Ligand code: PEP
Ligand code: MG
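Numbering (our numbering), first residue to last: 6 to 592.
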């Protein structure tokens, strides 16, 4: 599509969640983004000091006002004592004195200096051995960003409070941002960065909201209140669409609408190939509130519950009881189907805002099972909560980021001791609860035969498996073209994991985003994958492809692809097959 009116502008990114949204733009910026840097003269120093003092005063006033609102029982649920700590930070000489000193010595604008001082201060706090002081880093970050916003004259607009019909545009949205956004009023979102497997995209599919990522620097070129059209099918963002564009889109939407209606009619039909081979088609969730969308789409259970989202947007860790209630809520809602609860996968690109990351390679760092095995009390609380919920009868446990047998054995040992504790306490749980390992690190895929003997099922996390096999950061749009699910290395790994599972009589699922893309479904089915677990919005498409497929054709295709030397050739074969069986779903 081309621009047809002077004011219309079209931006092209990657469509990651289907649907078309029309609405008004809200550009969501965190305060630390785009902090200007410029030189000042010595005459301007007093003026900068006044600006800084005014920002501090305004910040204190805002915090007092927030405290008052809490006392009156409205607004945030942060305890009032935390705000006392926050107010004291605005008076902390460790923050104020370096800013004043550096204004004199460096002669740069005050927001630039403050930004740098904050970074150093937080870094120092995070590296201290004292737990209490380390935890203060999050508070300092909150307050410092508030001061920065006041200095920059930017109002803080949280995503929980946006007007109806909002399309959120951001450089990036963290998992904390996406899980706090107002699901009624936000009609779609788009980001400068990201790829099909970044968490922004994953959450969009769970929320069933149109989304586009990888729009480069679009957030710098648009502003709040502009009218926009967001096409999550083709990855297009149109700002101030012309009458002609709106007309063309009306027709495109009508066509999509017809397809969506046809897909919705599959809701209660099985995910079964033309020759009668049954695939389990389950759904992925981030929060219990995602379950209704899954049920609406006709999922046969939850194949992946990303529990880390319960740990975001809060200062403390969720208690065993809180987690138990959430897991039970999901187990009851999804019954009689199973729910696979994945243990905490914090780290990588999912951090609690309290903790942040000080690692230079978070995806290769202290993530998921590594964090849990080193933080036994946090892990134990989660295992107890899952086991207690398992008394419902349909709960399974899955460990993320397994790199080899020893981690599975360690996790299982801990699980056994938690089970013993519960038995001693007379707390009921499912004695036959099934345990699974995610296969998402090449070392685990290559030793899957060994791991298979210690677990009841595998689930291939293709997002990470591809990232780690090909050394391609899954959230970096600059290398997104290298992220290839059909690379011969990936096909061989998937095939060998399926064989290892079946040799040991356990089922194997794929729960990464590859499973939700219609193009790859015939390949995975043909390779012998037993279950696919995908975001709510992908379920009808995946089901349709399965129902239009013959297992024998899929097997033949999969066998042929293993002899093909280039991923793009496999892509062409898959495209041709999809074109033949379901042209509406060709990307
Ligand atoms: C994966 O890696 O494919 C996966 C399903 O887990 P996550 O996307 O949460 O890392
Ligand atoms: Mg993963």
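Using N, Cα and C, we set each Cβ at its ideal position, and we do this for glycine too.
Just so it is clear, the structure is predicted and the values come from calculations on it, not from any experiment.
- As summarised for the stretch 406-477, the continuous alpha helix (DSSP H) elements at least 4 residues long and confined to that stretch are 410-430, 447-451, 453-457 and 467-475, given in chain order.
- Between residue 30 and residue 345, the CB-CB gap reaches or exceeds 7 Å.
- Excluding the 5 residues flanking it on each side, residue 364 has same chain C-beta neighbours closer than 7 Å at 370 and 371, in chain order.
- Counting C-beta atoms within 10 angstroms of its own C-beta, residue 155 has 16 or more neighbours from the protein chains shown and is therefore classed as buried.
- Shortest gap from the CB of residue 366 to any heavy atom of the ligand PEP: 6 Å or more.
- The residues 287, 339, 342, 343 and 344, in chain order, have a CB closer than 7 Å to that of residue 306 in the same chain once the five nearest residues on each side in sequence are set aside.
- Within the DSSP secondary-structure output, residue 582 pairs in no beta bridge.
- Under the DSSP assignment, residue 95 falls outside any beta strand (DSSP E); it carries neither an H nor an E label.
- Straight across, the Cα-Cα distance linking residue 502 with residue 475 is about 17 Å.
- Secondary structure of residue 538 (DSSP, three-state): strand.
- In the structure shown, residue 311 falls within a strand segment according to DSSP collapsed to helix, strand and coil.
- Taking 7 Å as the cut-off, the beta carbon of residue 491 is found no closer than this to the beta carbon of residue 560.
- With 16 or more other CB atoms across the displayed protein chains lying within 10 angstroms of its CB, residue 350 is buried.
- Linking residue 443 to residue 436 through their CA atoms gives a straight-line distance of about 22 Å.
- Residue 384 sits in a helix when the DSSP states are folded into three classes.
- Counting only the Cα atoms, residue 116 lies some 46 Å from residue 391.
- Secondary structure at residue 284: coil, using DSSP grouped into helix, strand and coil.
- Where residue 236 is concerned, the enclosing beta strand (DSSP E) starts and stops at 232-236.
- In chain order, 523, 526, 527, 583, 586, 587 and 590 place their CB closer than 8 Å to the CB of residue 550, counting only its own chain and leaving out the 5 sequence neighbours on each side.
- The DSSP assignment places complete beta strand (DSSP E) segments of no fewer than 3 residues inside the stretch 17-54 at 19-22 and 25-33, in order along the chain.
- For residue 175, the enclosing beta strand (DSSP E) begins and ends at 171-175.
- Residue 356 has no beta-bridge partner at all, per DSSP.
- Within a 10 Å sphere around the beta-carbon of residue 252 sit fewer than 16 other beta-carbons, which makes this residue exposed.
- Between residue 17 and residue 241, the gap from beta carbon to beta carbon is short of 7 Å.
- Within the same chain, 287, 288 and 544 come within 6 Å of residue 304 by CB-CB distance, once the 5 residues on both sides are set aside.
- Less than 7 Å separates the beta-carbon of residue 423 from that of residue 388.
- By the neighbour-count criterion, in which a residue is buried when 16 or more other Cβ atoms sit within 10 angstroms of its Cβ, residue 250 is buried.
- A direct Cα-to-Cα measurement between residue 572 and residue 495 gives close to 9 Å.
- Burial check for residue 94: the Cβ neighbour count within 10 Å reaches 16 or more, so the residue is buried.
- By the Cβ test, the stretch 509-522 is not in contact with the stretch 553-567, since fewer than three Cβ pairs between them sit closer than 8 Å.
- Taking a 10 Å sphere around the C-beta of residue 62, we find fewer than 16 other C-beta atoms and assign the residue as exposed.
- If you check the C-beta of residue 466 against the ligand MG, you find a heavy atom less than 6 Å away.
- Out of 214, 19, 373 and 97, the CA that lies nearest to the CA of residue 483 is found in 19.
- Leaving aside the five residues that flank residue 505 on each side, the residues in its chain whose CB is nearer than 6 Å to its CB run, in chain order, 453, 454 and 457.
- Not one heavy atom of the ligand PEP sits closer than 6 Å to the Cβ of residue 412.
- Straight-line spacing of the CA atoms in residue 470 and residue 554 works out to 26 Å.
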